[in-house]
Amino acid sequence: MILVSACLLGVCCKYSGGDNKNQKVVDLIKKYNLIPVCPEQLGGLSTPRKPAEIQAEDAKKVLDGIGKVVNVCGEDVTQNFVKGAYETLKLANLYDVKIAIFKSKSPSCGCGFIYDGSFSGKLKSGNGVTTELLIQNGIKVYTEDDIDYKTIEKIMKIDY
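Here the sequence shown is numbered in full-length UniProt numbering, starting from 1 and rising by one per residue.
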(Lines of atoms letter the chains of each structure in order from A and count residues from 1; the text may use other names and numbers.)
(Lines give C-alpha, C1' and ligand atoms only; values in the text may rest on other atoms or scores of the structure.)
Protein backbone atom coordinates (compact mmCIF):
# COMPACT_ATOMS: atom_id res chain seq x y z
CA MET A 1 0.00 0.00 0.00
CA ILE A 2 1.26 3.44 -0.94
CA LEU A 3 -0.32 6.70 0.18
CA VAL A 4 -0.45 9.18 -2.71
CA SER A 5 -1.47 12.82 -3.02
CA ALA A 6 -4.81 12.56 -4.80
CA CYS A 7 -3.96 15.50 -7.06
CA LEU A 8 -1.05 13.49 -8.53
CA LEU A 9 -3.56 10.86 -9.67
CA GLY A 10 -5.67 13.45 -11.48
CA VAL A 11 -8.22 14.18 -8.74
CA CYS A 12 -9.24 17.83 -8.88
CA CYS A 13 -8.39 18.71 -5.29
CA LYS A 14 -5.60 21.24 -5.87
CA TYR A 15 -6.18 24.61 -4.21
CA SER A 16 -7.13 26.10 -7.59
CA GLY A 17 -9.66 23.35 -8.29
CA GLY A 18 -7.40 21.60 -10.77
CA ASP A 19 -5.03 18.68 -10.40
CA ASN A 20 -1.32 17.92 -10.60
CA LYS A 21 -1.69 14.70 -12.58
CA ASN A 22 1.62 12.94 -12.98
CA GLN A 23 1.60 10.01 -15.38
CA LYS A 24 4.65 8.46 -13.75
CA VAL A 25 2.71 8.25 -10.47
CA VAL A 26 -0.53 7.16 -12.17
CA ASP A 27 1.35 4.31 -13.85
CA LEU A 28 2.27 2.88 -10.44
CA ILE A 29 -1.33 1.73 -10.07
CA LYS A 30 -0.53 -1.07 -12.53
CA LYS A 31 1.61 -2.82 -9.89
CA TYR A 32 0.76 -1.26 -6.53
CA ASN A 33 -2.24 -0.44 -4.37
CA LEU A 34 -2.38 3.35 -4.18
CA ILE A 35 -4.46 5.14 -1.57
CA PRO A 36 -5.30 8.68 -2.72
CA VAL A 37 -5.51 11.37 -0.04
CA CYS A 38 -5.85 15.12 0.08
CA PRO A 39 -4.92 16.23 3.59
CA GLU A 40 -6.31 19.71 3.01
CA GLN A 41 -9.74 18.33 2.12
CA LEU A 42 -9.52 15.85 5.02
CA GLY A 43 -8.89 18.88 7.22
CA GLY A 44 -12.14 20.49 6.10
CA LEU A 45 -10.94 22.93 3.46
CA SER A 46 -12.96 23.34 0.28
CA THR A 47 -11.82 22.98 -3.29
CA PRO A 48 -11.09 25.43 -4.72
CA ARG A 49 -9.53 27.31 -1.78
CA LYS A 50 -7.13 30.17 -1.29
CA PRO A 51 -3.46 29.17 -1.50
CA ALA A 52 -1.79 28.75 1.89
CA GLU A 53 1.78 28.65 3.15
CA ILE A 54 3.51 27.78 6.39
CA GLN A 55 4.53 30.92 8.26
CA ALA A 56 6.79 29.33 10.83
CA GLU A 57 10.33 28.06 11.01
CA ASP A 58 9.09 24.61 10.02
CA ALA A 59 6.11 22.23 10.06
CA LYS A 60 7.21 20.79 13.40
CA LYS A 61 6.44 24.18 14.94
CA VAL A 62 2.97 24.03 13.39
CA LEU A 63 2.37 20.54 14.81
CA ASP A 64 3.65 21.74 18.21
CA GLY A 65 1.11 24.60 18.19
CA ILE A 66 3.75 27.31 17.87
CA GLY A 67 3.63 28.04 14.13
CA LYS A 68 0.81 28.89 11.74
CA VAL A 69 -0.41 28.12 8.26
CA VAL A 70 -2.13 31.10 6.67
CA ASN A 71 -3.79 31.65 3.34
CA VAL A 72 -2.97 34.44 0.92
CA CYS A 73 -5.65 36.63 2.56
CA GLY A 74 -4.01 36.25 5.96
CA GLU A 75 -6.63 33.85 7.36
CA ASP A 76 -5.28 31.28 9.82
CA VAL A 77 -5.95 27.76 8.45
CA THR A 78 -3.57 25.98 10.83
CA GLN A 79 -6.34 23.93 12.44
CA ASN A 80 -7.39 22.55 9.04
CA PHE A 81 -3.83 21.57 8.12
CA VAL A 82 -3.19 19.87 11.44
CA LYS A 83 -6.53 18.03 11.35
CA GLY A 84 -5.84 16.88 7.78
CA ALA A 85 -2.39 15.63 8.79
CA TYR A 86 -3.81 13.55 11.63
CA GLU A 87 -6.63 12.17 9.47
CA THR A 88 -4.04 11.16 6.86
CA LEU A 89 -1.98 9.46 9.56
CA LYS A 90 -5.10 7.52 10.65
CA LEU A 91 -5.49 6.20 7.10
CA ALA A 92 -1.80 5.34 6.88
CA ASN A 93 -2.04 3.38 10.12
CA LEU A 94 -5.29 1.68 9.12
CA TYR A 95 -3.69 0.35 5.93
CA ASP A 96 -0.23 -0.22 7.44
CA VAL A 97 1.33 2.18 4.93
CA LYS A 98 5.13 2.46 5.00
CA ILE A 99 5.66 4.97 2.18
CA ALA A 100 3.92 7.95 0.65
CA ILE A 101 4.33 9.80 -2.63
CA PHE A 102 3.26 13.39 -2.13
CA LYS A 103 3.11 16.64 -4.10
CA SER A 104 6.33 18.58 -3.89
CA LYS A 105 6.41 22.07 -2.35
CA SER A 106 2.91 21.78 -0.85
CA PRO A 107 2.27 23.20 2.65
CA SER A 108 0.67 19.83 3.45
CA CYS A 109 2.56 17.34 1.32
CA GLY A 110 5.88 18.95 0.43
CA CYS A 111 9.01 16.99 1.26
CA GLY A 112 12.43 18.63 1.41
CA PHE A 113 11.30 22.03 0.11
CA ILE A 114 8.19 24.15 0.65
CA TYR A 115 7.22 27.73 -0.15
CA ASP A 116 8.70 30.15 2.37
CA GLY A 117 5.46 31.74 3.63
CA SER A 118 5.83 35.02 1.75
CA PHE A 119 3.60 34.05 -1.21
CA SER A 120 6.42 35.17 -3.50
CA GLY A 121 7.22 31.77 -5.01
CA LYS A 122 10.44 31.44 -3.01
CA LEU A 123 11.31 28.05 -1.57
CA LYS A 124 12.94 27.06 1.70
CA SER A 125 14.10 23.76 3.14
CA GLY A 126 11.37 21.95 5.00
CA ASN A 127 8.36 19.67 4.88
CA GLY A 128 4.64 20.18 4.70
CA VAL A 129 2.55 19.59 7.83
CA THR A 130 1.28 16.13 6.81
CA THR A 131 4.67 15.01 5.58
CA GLU A 132 6.28 16.05 8.85
CA LEU A 133 3.71 14.09 10.89
CA LEU A 134 4.11 10.99 8.74
CA ILE A 135 7.91 11.13 8.99
CA GLN A 136 7.64 11.51 12.77
CA ASN A 137 5.62 8.29 12.71
CA GLY A 138 8.10 6.27 10.67
CA ILE A 139 6.58 6.63 7.21
CA LYS A 140 8.98 7.44 4.39
CA VAL A 141 7.78 10.26 2.16
CA TYR A 142 8.85 10.95 -1.41
CA THR A 143 7.70 13.45 -4.01
CA GLU A 144 6.66 12.85 -7.58
CA ASP A 145 10.05 14.24 -8.60
CA ASP A 146 12.07 11.41 -7.06
CA ILE A 147 9.97 8.34 -7.71
CA ASP A 148 9.90 5.66 -10.40
CA TYR A 149 9.35 1.88 -10.61
CA LYS A 150 12.95 1.07 -9.78
CA THR A 151 12.92 3.28 -6.71
CA ILE A 152 9.58 1.90 -5.52
CA GLU A 153 10.72 -1.69 -6.01
CA LYS A 154 13.88 -1.00 -4.04
CA ILE A 155 11.96 0.74 -1.28
CA MET A 156 9.35 -1.99 -1.00
CA LYS A 157 11.96 -4.73 -1.48
CA ILE A 158 9.96 -6.25 -4.30
CA ASP A 159 11.88 -8.29 -6.83
CA TYR A 160 10.26 -8.29 -10.29
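Where a beta carbon is used, it is the ideal one built from N, C-alpha and C, also for glycine.
Excluding five sequence positions before and after Gln136, none of the CB atoms of its chain fall closer than 6 Å to its own CB.
The beta carbon of Asn33 is closer than 6 Å to those of Met1 in its chain, skipping five residues each way along the sequence. When DSSP states are grouped into helix, strand and coil, Lys30 belongs to the helix group. Measuring C-alpha to C-alpha distances from Lys150 to each of Asn22, Gly18 and Lys31 identifies Lys31 as the nearest. Between the stretch 34-44 and the stretch 85-102 there are three or more inter-stretch CB-CB distances shorter than 8 Å, so the stretches are counted as touching.
When only Cα atoms are considered, Phe113 and Lys124 end up about 6 Å apart.
Counting every other CB atom within 10 Å of its CB across the protein chains shown gives Cys109 a total of 16 or more, marking it as buried. Here DSSP, grouped into helix, strand and coil, assigns Val70 to strand.
Membership of Ile135 in the alpha helix (DSSP H) is indicated by the continuous run Val129 to Gln136. Taking the C-beta atoms as reference points, Lys103 is found nearer than 7 Å to Ser5. Apart from sequence neighbours up to five positions away, the residues of its chain that approach Cys12 with a beta-carbon distance below 8 Å are Gly18, Asp19 and Thr47, ordered along the chain. Taking all protein chains shown into account, Glu75 has fewer than 16 neighbouring C-beta atoms within 10 Å of its C-beta and is therefore exposed.
With contacts defined as CB atoms closer than 7 Å, Val70 and Gln55 qualify as a contacting pair.
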